[in-house]
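Beneath this line is the structure, given in C-alpha cells, with notes to follow.
The structure is reproduced here in C-alpha cells:
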C-alpha cells in the first residue's frame with residue numbers, strides 16, 4: 001500500500017486495531033472501510049494491498065490480533081449460496097493470538113447450527129423441539145462437560161450405547177433423565193431466557209421485533225418458524241436474511257468479549273479489536289455479495305452496539321461499477337458503493353475521529369488506492385504490536401488460585417497449629433544455660449571504711465594529676481561528683497549506692513588519665529567528690545556551692561556527675577546547676593522529670609523506657625506461677641508507689657498506663673499521712689494506705705480476687721522488705737504464691753540475698769547491666785568487670801548491680817566532650833564541653849553503647865535487663881537494647897526463641 005495518505009491511513013488503522021483507550025473498543029463504532037484499486041492492474045493492486053494488510057496482522061506465522069480474511073475465490077464461491085459470516089466466524093476462532101484464550105462465540109455457534117440446518121436441502125423442516133435437539137447435539141460435540149454428562153446417561157454422543165446388554169439399557173433408563181434430558185431442557189430454557197427474555201442480551205428478540213419478558217415464546221419454536229418461512233423464499237434473499245442473523249449473533253458475542261475488565265484474565269487480554277478483511281472479486285456477483293455484507297455489517301453493528309470490529313474490504317474499482325450496473329439491490333443509504341468517498345487521508349481522519357454509537361448505520365468509507373509500485377518501493381508495513389503475556393489466562397487463573405489458596409490457608413494453618421499445639425506454659429527463668437549473677441558476699445569492712453577507701457583512690461589520682469600536669473606535660477580540668485552519704489551499717493549498704501558510684505568514678509578517672517598520659521590531646525581529670533548527705537538532703541545547697549565555685553576564675557570545673565537517685569531535692573539541684581550553665585551527667589537517676597533543662601544528660605535508661613519494657617514483659621511473659629510449676633502472663637496488676645517520691649510516683653504511673661487492663665494503684669508514703677501528702681478526694685482505681693500492714697492486706701485482697709495478679713513495686717527497696725515481712729505471715733495470703741516485678745532500686749538488695757528465704761515469692765527486678773561473664777558483654781564491659789574484680793573482689797556486693805558501670809560511663813561521656821573541646825579549640829571551658837555534648841557523642845561504654853545523638857539527653861535504646869531472683873542467684877530472663885555498636889550486639893527480641901520484640905526508642 002502506497003501513495004498519498006497511505007502512511008497516515010496505516011497509522012490510523014493500527015490505532016483502531018490496538019486502541020490506546022481500552023474502553024474505546026466497546027464504546028466507539030468504526031465505519032467499514034472500502035479500498036478501491038483503480039487502473040489496468042486493479043485486481044493485482046487490490047491483492048497486493050490485501051497481502052500487506054494481512055502481513056501487518058500476521059507477521060511471523062501467528063496472529064497478533066484476532067482476524068478473519070476472505071479472498072476473492074472464497075467470496076465468489078459463496079456469493080448467493082452461503083452467508084459470508086459463516087466463514088468469517090469460523091476463521092476468527094482459528095489460531096487466536098498466543099496466550100489470550102479462545103473466543104467464546106456462544107450465540108454465533110448456535111445460529112450457525114441453525115443456519116446450516118436451514119441451508120441443507122436434505123434436512124427435514126423441524127419443529128421447535130427437533131431444532132433444539134439438533135442444536136444440543138452440536139453443542140455437546142463442542143463441549144467436553146456436556147459430552148461427559150451425555151455419556152453418563154448411557155449413550156454416547158454419536159448415538160451408541162456405552163455398555164453391553166441389559167446393563168447398558170438399565171443404566172440408560174435410570175441415568176438418562178438426570179444426565180441427558182435435564183441438562184438439555186435446562187440448556188434450551190437458558191437460550192430462551194438469554195435471547196428472548198433478557199433486555200441486556202436479548203438481541204435476537206430485538207432483531208425479530210419480539211417483546212422481551214416472561215411472556216416471550218420459546219426461542220427454538222420461533223427459530224423453527226423462521227427457518228420454515230425462509231425456506232419458502234428465494235435462495236439469495238434467504239441467504240441475505242441468514243447473513244443478518246449471523247452478523248447480529250457474531251457482533252453480540254464480540255461485544256461481550258470486548259468489555260474491559262481487570263479481574264478476569266480473559267478480559268484483561270482483550271485489548272484489541274477484531275479485524276475482518278475481504279478481498280472482493282472482479283465479477284459482479286462476488287462484488288455484490290461483498291457490497292451487501294458491508295451494508296448489513298453497519299446495520300448489525302448499530303443494532304448490537306458493537307464497536308469491537310474493524311472491517312476493511314479491498315476491491316477493484318471496476319468490480320463495484322459492474323455490481324451496480326448489474327442491478328445489485330441498493331440499501332436505503334445507497335449501498336456500500338455509495339458510501340463516503342475520499343482519499344486515504346480522509347479515511348484515516350474518519351477512523352481517528354469515530355466516537356460513540358451513531359443512531360444510523362455507518363456507511364463505508366471509500367478510498368481510492370493509487371497505482372501499484374514494486375514491493376521494494378512500497379511502504380514497509382510494520383506489524384501491530386499489542387501487549388503480550390507470559391501466561392495464558394487459564395494458567396494465570398490457576399496460578400492466582402494457588403496463591404490465593406496459599407494466602408487463605410496460611411491463617412488457617414496457623415490457627416490450626418495454635419489450636420492443636422499446647423500453649424507454652426514454661427515459666428520465665430530457670431534456664432541452666434544462662435549466666436547467673438552469683439550471690440555476693442558482704443564485706444567485713446564497715447560501710448564508712450569502704451566509702452573512704454573509694455575517696456582515697458580518687459585523692460591519690462588527683463595527686464597524680466597534680467604531679468603530671470605540674471611538670472607542664474598536659475592540661476587538667478575538674479569534674480565535680482555529687483553523691484549521697486554512705487549507709488550507717490552493713491545492712492543499709494543493700495539500699496545505698498554511694499560506694500559503687502564512687503568506685504566507678506575512681507576506675508574511670510584512672511583509665512582516662514592513663515589515656516591522657518599517652519595522648520597529649522586528651523585532658524587530665526581531677527574529681528572533686530562532694531557529699532550531699534543522707535538521701536541527697538543537702539543536694540540543692542551543694543549545687544549552689546558548685547555554681548559559686550565554678551564562677552571563680554581558674555576553678556577548672558567543667559561539669560558535674562552523680563545524682564544516683566531521682567528525688568525532688570536532686571531535681572532541684574539539677575535545676576540550679578543548669579541555671580549556672582554547668583553540664584551535668586546523671587548516673588542511675590532514671591526519672592524523666594529529672595530533665596529540667598538542656599544541661600542535664602544521663603547514662604541510665606529513663607523511666608518511660610523501663611516502664612514500657614516491664615509492662616510488655618508482664619503482659620506477655622510467663623511469670624505467674626499457678627503452683628504446679630506452670631506459668632502464664634499476668635492478667636491484672638497492683639501498682640504500689642509513693643506519691644511523694646519523684647521516681648516512685650512517675651514510674652508507677654507510667655507502668656499503669658502501659659500495662660493496660662486498668663491496674664489498681666496503692667499509694668503508701670513512709671510515716672503514714674503525717675509524713676505524706678494530705679488526704680484529698682479519692683480517685684477511681686487508687687487507694688491510699690497509712691501503714692505497711694494495711695498495704696499488705698490490700699495487696700492480698702487483690703491477689704485472692706485474681707490469682708494472675710502481678711504486684712508492680714515502684715516504691716523503694718527498704719519498704720519492700722517490710723512489706724514482705726507482713727505479707728508472709730500477717731495476711732490471709734499465707735502460703736499463697738506472689739509474683740512481684742520491681743525496678744532497679746530492688747537490685748542490690750536482691751543480689752545480696754535479702755529475699756532468698758521466701759519460697760512463696762517469685763521476684764523479677766531490673767538492672768542496667770548483664771552479669772559478669774555473659775557472652776553479650778562488649779570488650780569494654782569485660783575489661784571494666786576485670787578491673788573491678790581486681791580492685792574490689794569478684795564477689796563484691798555491687799559487681800553486677802550496674803551502679804559502678806553507670807558512674808564509669810558518666811565520666812567517659814564528660815571526658816569525651818572535654819577532649820573534643822580541647823582538640824578543636826586548644827582550650828577546655830564549660831561552654832565548649834556543653835557544645836560537645838549538644839553535638840552528640842557515640843561511644844562504647846561499660847553499661848552498653850552510649851548513642852547520645854544530637855539533641856538527645858539519654859542514649860538511644862539503652863540496655864535494660866530483667867533478672868529472676870532464684871536460690872542460685874539472679875538470672876537474666878529479658879535483655880533489650882544496644883549492648884554494642886555492631887548489630888550483633890543489639891538485643892531486639894526476648895522470650896522463648898525470641899518470640900517477642902523489644903520496645904525501641906523513637
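Residue numbers (the numbering used here): 1 to 906.
Ideal Cβ placement from N, Cα and C applies to all residues, glycine included.
Model, not experiment: these values are computed from the prediction.
Partner residues in the beta bridge of residue 851, as assigned by DSSP, are 842.
DSSP, reduced to helix, strand and coil, places residue 802 outside both helices and strands of the structure shown, so it counts as coil. Membership of residue 540 in the alpha helix (DSSP H) is indicated by the continuous run 539-551.
Measuring C-alpha to C-alpha distances from residue 102 to each of 394, 412, 838 and 827 identifies 394 as the nearest.
The C-beta of residue 424 has fewer than 16 other C-beta atoms within 10 Å across all chains shown, which makes the residue exposed. Counting C-beta pairs closer than 8 Å gives fewer than three between the region 810-820 and the region 794-801, which falls short of the contact rule.
Under the three-state reduction of DSSP output, residue 797 falls in the coil class, being neither helix nor strand.
A check of alpha carbon separations from residue 768 across 813, 606, 5 and 822 identifies 606 as the nearest. Inter-residue distance for residue 15 and residue 350 is about 12 Å (C-alpha atoms, whole angstroms). For residue 274, the enclosing beta strand (DSSP E) stretches over residues 274-279.
Taking a C-beta distance under 7 Å as the contact criterion, residue 566 and residue 646 qualify as a contact pair.
Considered as a whole, the region 575-616 harbours 584-586 and 600-602 as its complete beta strand (DSSP E) runs of no fewer than 3 residues, in chain order. For residue 47, there is no enclosing beta strand (DSSP E); the residue is found in the alpha helix (DSSP H) stretching over 42-57. The beta carbon of residue 293 sits closer than 6 Å to those of 84, all from its chain and outside the five residues before and after it, given in chain order. Beyond the five residues adjoining it in sequence on each side, residue 126 comes within less than 6 Å, by CB distance, of 224 in the same chain, given in chain order.
Its Cα nearest to that of residue 795, the residue 771 stands out among 780, 771 and 812. Leaving aside the five residues that flank residue 490 on each side, the residues in its chain whose CB is nearer than 6 Å to its CB run, in chain order, 442. In the structure shown, the three-state DSSP call for residue 355 is coil. Take the alpha-carbon of residue 60 and the one of residue 384: they are about 12 Å apart. When the alpha-carbon of residue 837 is set against those of 234, 598, 617 and 787, the nearest one is in 598. Here DSSP, grouped into helix, strand and coil, assigns residue 481 to strand. Counting only runs of 3+ residues, no beta strand (DSSP E) is found wholly inside the region 72-129. 709 is the residue among 459, 709, 118 and 731 whose C-alpha sits nearest the C-alpha of residue 740.
For residue 686, the enclosing beta strand (DSSP E) has its first and last residue at 686-689.
In this structure, residue 360 keeps its C-beta atom at 7 Å or more from the C-beta atom of residue 220. Residue pairing by DSSP puts residue 881 in a beta bridge opposite 891. Assignment of residue 869 by DSSP, reduced to helix, strand and coil, places it in the strand class.
For the options 150, 280, 716 and 851, the alpha carbon positioned closest to that of residue 181 is the one of 150.
The continuous stretches of alpha helix (DSSP H) do not include residue 628, and DSSP gives it neither H nor E. Under the DSSP definition of a beta bridge, residue 641 partners with 667.
When 202, 537 and 347 are compared, the shortest CA-CA separation from residue 486 is found for 537.
DSSP, read as helix, strand or coil, puts residue 528 in strand.
In the three-state scheme derived from DSSP, where H, G and I count as helix and E and B as strand, residue 31 is classed as coil. Of the candidates 735, 722 and 637, 637 places its Cα closest to the Cα of residue 712. Where residue 297 is concerned, the enclosing alpha helix (DSSP H) starts and stops at 284-304. For the pair residue 68 and residue 91, the CB atoms are nearer than the 7 Å cut-off.
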